[in-house]
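There are 2 protein chains.
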Amino acid sequence: MACRAAADDMPDFSVDSPTPVYVRVADWIESRIKSGELKSGARLPPERELASDCGVAYDTIRRATALLRERSLIITVHGRGTYVA
Amino acid sequence: MACRAAADDMPDFSVDSPTPVYVRVADWIESRIKSGELKSGARLPPERELASDCGVAYDTIRRATALLRERSLIITVHGRGTYVA
DNA sequence: GGCGATTTGTACGTATGTATT
DNA sequence: CAATACATACGTACAAATCGC
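Protein chains in written order, with the numbering used here: chain P, 1 to 85; chain G, 101 to 185.
Here is the structure:
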């Protein structure tokens with residue numbers, strides 16, 4: 001599973017913080033892109049998989065990916081998946 | 101109640117259509133702004149009230165207002181309400 | 001400044017529809 | 001046609017901001 005490897009250094013999104021969880025998830029994914037761990041064209045895990053891996057709800061992942069789409073960091077294709085821009 | 105008056109000519113959002121409900125709700129509100137029925141500075145009903153009045157879920161209203169914010173037609177203030185721009 | 005009421009924001013979970021493979 | 005994956009829609013609960021008292 002593509003995301004499991006990343007789960008090792010995945011932040012604990014359950015910790016209390018003034019920053020919303022969906023922003024922290026987006027920032028975390030952004031940092032993985034910026035660091036080169038996720039290269040352009042790479043496909044992200046399915047949203048539901050991301051949700052369960054991150055221990056957050058599907059809705060939260062949807063918000064996070066919406067943010068990243070606004071930031072033009074990812075591209076999402078209905079029925080296919082989400083890719084690094 | 102501010103919105104009840106508008107309920108008379110409110111479209112039936114339950115009818116089947118290829119256009120998502122949240123887009124139709126947004127378009128309906130936009131048409132009420134463009135027609136002058138809702139003037140600049142006017143406050144919209146609370147989102148939950150809009151939801152029940154329109155017979156749709158809170159989530160659907162949130163999507164609709166998000167669209168209208170993107171279109172710069174409304175301004176939303178946390179804890180206060182939503183206003184025509 | 002506190003308190004309660006109102007209103008938006010976030011988060012969770014689930015079901016069904018639609019597009020791609 | 002079946003499996004996979006994103007999109008929409010519903011409902012609920014609690015947190016956070018604002019305002020009037």
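For glycine and all other residues, C-beta sits at the position ideal for the given N, C-alpha and C. Since the model is a prediction, treat every value here as computed from it, not as a measurement.
**Study point:** Val177/G in three-state terms, based on DSSP
**Key:** Your numbering for residue 177/G matches position 77 in the second sequence. In the structure shown, Val177/G adopts extended strand secondary structure according to DSSP, grouped into three states.
Practice item. Apply the 10 Å Cβ neighbour rule to Pro18/P and answer buried if 16 or more other Cβ atoms are within range, or exposed otherwise. Key: On the first sequence, residue 18/P is found 18 positions in, with the first residue counted as 1. Taking every protein chain shown into account, the CB of Pro18/P has fewer than 16 other CB atoms within 10 angstroms, so this residue is exposed.
Review point. Can Ile133/G and Leu150/G be called in contact, C-beta distance under 8 Å?
Key: Counted from its first residue, the second sequence places residue 133/G at position 33. Counted from its first residue, the second sequence places residue 150/G at position 50. Their beta carbons are not under 8 Å apart, which means Ile133/G does not touch Leu150/G by this criterion.
**Study point:** Strand pairing of Tyr183/G, partner residues [DSSP]
**Key:** The residue you call residue 183/G lines up with position 83 of the second sequence. Answer by DSSP bridge pairing, in chain order: Arg143/G and Ile175/G.
Exercise for review: Tell me where the alpha helix (DSSP H) around Asp127/G begins and ends.
Suggested key: The residue given as residue 127/G occupies position 27 in the second sequence. Where Asp127/G is concerned, the enclosing alpha helix (DSSP H) stretches over Val121 to Lys134.
Exercise for review: Would you tell me roughly how many angstroms separate the C-alpha atoms of Val25/P and Glu70/P, rounded to the nearest one?
Suggested key: On the first sequence, position 25 is the one that residue 25/P refers to. On the first sequence, position 70 is the one that residue 70/P refers to. About 15 Å.
Review point. What's the C-alpha gap between Pro46/P and Thr82/P?
Key: Working through the first sequence from its first residue, we reach residue 46/P at position 46. Working through the first sequence from its first residue, we reach residue 82/P at position 82. Using only the alpha carbons, I get a separation of about 7 Å.
Review point. Can you name, in chain order, every residue of its own chain whose Cβ lies under 8 Å from the Cβ of Pro111/G, other than the five neighbours on each side?
Key: Counting from 1 along the second sequence, the entry for residue 111/G is found at position 11. Closer than 8 Å at the Cβ level, and outside the excluded window around Pro111/G, lie Arg124 and Trp128.
Practice item. Indicate the three-state DSSP secondary structure (helix, strand or coil) for Ser114/G in the structure shown. Key: Here the question's residue 114/G lines up with position 14 in the second sequence. It is coil, neither helix nor strand.
Point to revise | Pair within 8 Å by beta-carbon distance, Leu38/P and Val77/P | key: The residue you call residue 38/P lines up with position 38 of the first sequence. The residue you call residue 77/P lines up with position 77 of the first sequence. No, Cβ-Cβ distance for Leu38/P and Val77/P is not below 8 Å.
Exercise for review: Tell whether a beta-carbon distance below 8 Å holds between Val115/G and Val156/G.
Suggested key: Position 15 of the second sequence, counted from the start, is the residue given in the question as residue 115/G. Position 56 of the second sequence, counted from the start, is the residue given in the question as residue 156/G. No, these two residues do not count as a Cβ contact at 8 Å.
Check your understanding: Taking buried to mean at least 16 other C-beta atoms within 10 Å of its own C-beta, is Arg80/P buried or exposed?
Key -> For the purposes of this step, residue 80/P is identified with residue 80 of the first sequence, where counting begins at 1. By the Cβ neighbour-count rule, Arg80/P is exposed, with fewer than 16 other Cβ atoms within 10 Å of its own.
**Study point:** Cα-Cα separation, Ile75/P to Leu144/G
**Key:** Position 75 of the first sequence, counting from 1, holds the residue named residue 75/P. Position 44 of the second sequence, counting from 1, holds the residue named residue 144/G. Distance from the CA atom of Ile75/P to the CA atom of Leu144/G, rounded to whole angstroms, is 34 Å.
Exercise for review: Using the Cα positions of Ala64/P and Arg48/P, report the straight-line distance between them to the nearest angstrom.
Suggested key: For the purposes of this step, residue 64/P is taken as residue 64 along the first sequence, with counting starting at 1. For the purposes of this step, residue 48/P is taken as residue 48 along the first sequence, with counting starting at 1. Distance between the alpha carbons of Ala64/P and Arg48/P is about 13 Å.
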